[in-house]
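I have placed the structure first, in the form of structure tokens, so that the comments after it can refer back to it.
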Amino acid sequence: MKAIIPVAGAGTKLRPHTYTQPKALIPLAGKTILSIIIDQLREAGINEFIFIVGYLGEKIQDYVEEKYPELTAHFIYQNERHGIGHAIQLTNDIVGEDEIFIVLGDTICEFDVKAVVDYPGSILGVKRVDDPRNFGVAELDEDGNIERVVEKPQIPKSNMALVGIYRIKESGILFNCLRNNINNQVTSYGEYNLTDAIECMINNGVKLQSFKVQNWFDCGRKDTLLDSNAKLLKKFGSAISPEHQFENTIIIEPVSIGKGCDIKNSIIGPNVAIGEQTKVNYSIVKDSIIGSFANLDDIVLTSSLIGSDTEVKGESRSLNIGDNTEIDLGES
48 MKAIIPVAGA GTKLRPHTYT QPKALIPLAG KTILSIIIDQ LREAGINEFI FIVGYLGEKI
108 QDYVEEKYPE LTAHFIYQNE RHGIGHAIQL TNDIVGEDEI FIVLGDTICE FDVKAVVDYP
168 GSILGVKRVD DPRNFGVAEL DEDGNIERVV EKPQIPKSNM ALVGIYRIKE SGILFNCLRN
228 NINNQVTSYG EYNLTDAIEC MINNGVKLQS FKVQNWFDCG RKDTLLDSNA KLLKKFGSAI
288 SPEHQFENTI IIEPVSIGKG CDIKNSIIGP NVAIGEQTKV NYSIVKDSII GSFANLDDIV
348 LTSSLIGSDT EVKGESRSLN IGDNTEIDLG ES
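Right, here's the structure in full:
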């Protein structure tokens with residue numbers, strides 16, 4: 048079985064960070080979005096991966112080759128972005144007729160990965176959502192069989208969203224459907240969607256089962272990324288290199304602090320992930336993600352996303368504040 052991970056998206060909702068860093072490499076709970084996905088699949092026994100890359104794709108390739116040298120890794124460039132369906136079709140020559148496990152590059156879910164890998168047929172991950180109009184939606188029968196899938200329906204007949212996890216046994220039929228959709232310009236919202244190809248498989252008699260994921264961590268926007276960081280820190284627990292000796296500093300767990308960080312005279316946490324070689328002095332940081340090689344000095348940060356190689360300095364103030372006073376030093 049081969050794993051396919053599309054990571055060619057530009058991540059526009061996370062700009063300015065994704066101008067210089069692929070969304071899949073944004074730090075999350077001491078790891079990266081991509082490393083969490085790869086680790087899940089490796090633990091289930093998958094060792095051959097196809098990465099569909101585009102914007103900043105060389106950073107994805109360098110990261111995978113450095114961190115996972117033992118993997119059999121293929122890199123395919125999607126130079127023109129025409130949708131996930133188009134991206135998957137580009138892997139046909141490498142996949143051949145092999146079974147595939149597709150995980151979208153911003154999809155982190157909790158589920159029994161080994162059970163899904165070992166399932167004898169095709170099976171797709173779903174989760175109930177409040178408003179399914181922004182998702183691919185699966186219509187299920189009482190046994191969890193998928194009867195129909197629709198991309199972003201304006202009048203949904205189901206609230207079971209496709210979460211971006213697809214274990215496909217009949218890959219040849221999937222690629223035929225993708226090719227036919229592209230040749231006949233079958234699109235949804237201006238793109239060749241994987242959902243439309245899945246619907247084509249159903250129309251060709253392929254039986255698709257569903258499974259429900261336990262948790263689905265949204266990494267698409269700053270606010271949901273920070274929320275996912277907090278939840279994953281609670282799940283993974285704190286990760287602090289044992290050699291760290293932080294001078295005059297209070298650590299409020301859970302936190303993840305990378306190697307080589309220099310933190311002094313500060314309060315860190317809770318729910319903070321800090322990359323490697325970052326310096327923090329006279330600062331308070333909570334509910335935030337800080338990249339590697341950053342420099343924070345005399346600043347208070349909450350619910351913040353700070354990129355790598357960034358310098359943030361505050362303004363020193365002398366305050367004389369009485370009891371029962373609330374002060375907001377931010378801009379109105």
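Each residue of the sequence shown is one higher than the last, beginning at 48 in the numbering used here. All C-beta atoms, glycine included, are put in the ideal place defined by N, C-alpha and C.
Alpha carbons only, please: which of the options is nearest the one belonging to residue i?
i	options	result
P289	F283, F122, Q232 and G305	G305
A134	G143, Y124 and V160	Y124
N251	I314, G284 and D243	D243
N231	P74, C247 and G354	C247
P53	T138, L118, K114 and P74	T138
K333	F122, P317 and G322	P317
A320	M48, F258 and L279	L279
I337	D188, I353, K70 and H291	I353
I193	Q201, V173, G211 and I99	V173
R175	K259, I245 and I249	K259
E323	P69, T357 and Y329	T357
A71	I99, E95 and T325	I99
Can you grab the Cα-Cα spacing for the pair residue i / residue j, in whole Å?
i	j	result
G219	G132	14 Å
R180	P203	7 Å
G361	C266	28 Å
R364	I297	Unreliable positioning characterises R364 in this predicted model, as indicated by a pLDDT of 46, which lies under 50. A coordinate reading is not provided.
L241	L75	27 Å
E300	S275	16 Å
M48	W263	24 Å
Give me whichever residues DSSP pairs with residue i in a beta bridge.
i	result
I336	A320 and L352
M207	R175
P53	I99
R214	F148 and I170
I131	Partner(s): none; I131 has no beta bridge.
P116	Answer by DSSP bridge pairing: none, since P116 is not bridged.
G183	E198
V359	L343
Q256	I170 and N192
G309	The identity of residue 309 in the sequence shown is Asp, whereas the question assumes Gly. Its beta-bridge partners are K326.
How many whole angstroms separate the CB atoms of residue i and residue j, which I take to be in contact at a CB cut-off of 8 Å?
i	j	result
L255	S350	At roughly 39 Å, the Cβ-Cβ gap does not stay under 8 Å, so L255 and S350 are not in contact.
Y19	G130	The structure shown does not extend to residue 19, since the chain is modelled only from 48 through 379, so no value can be given for it.
E90	Q261	With 8 Å as the limit, E90 and Q261 do not qualify as a contact, their Cβ atoms being about 16 Å apart.
K311	E294	4 Å
K216	E144	K216 to E144, Cβ: 10 Å. No contact.
V184	S205	5 Å
F148	A50	5 Å
S313	I331	7 Å
For residue i, count neighbouring C-beta atoms within 10 Å of its own C-beta (all shown protein chains included) and say buried if the count is 16 or more, exposed if not.
i	result
E112	exposed
A162	exposed
N227	exposed
I315	buried
E373	Its pLDDT being 46, under 50, E373 is placed unreliably in this model, and the value from its coordinates should be taken loosely. Counting Cβ neighbours within 10 Å, E373 comes out exposed, since fewer than 16 surround it.
N126	exposed
T119	exposed
K114	exposed
T271	exposed
E105	exposed
P167	exposed
D140	exposed
Q201	exposed
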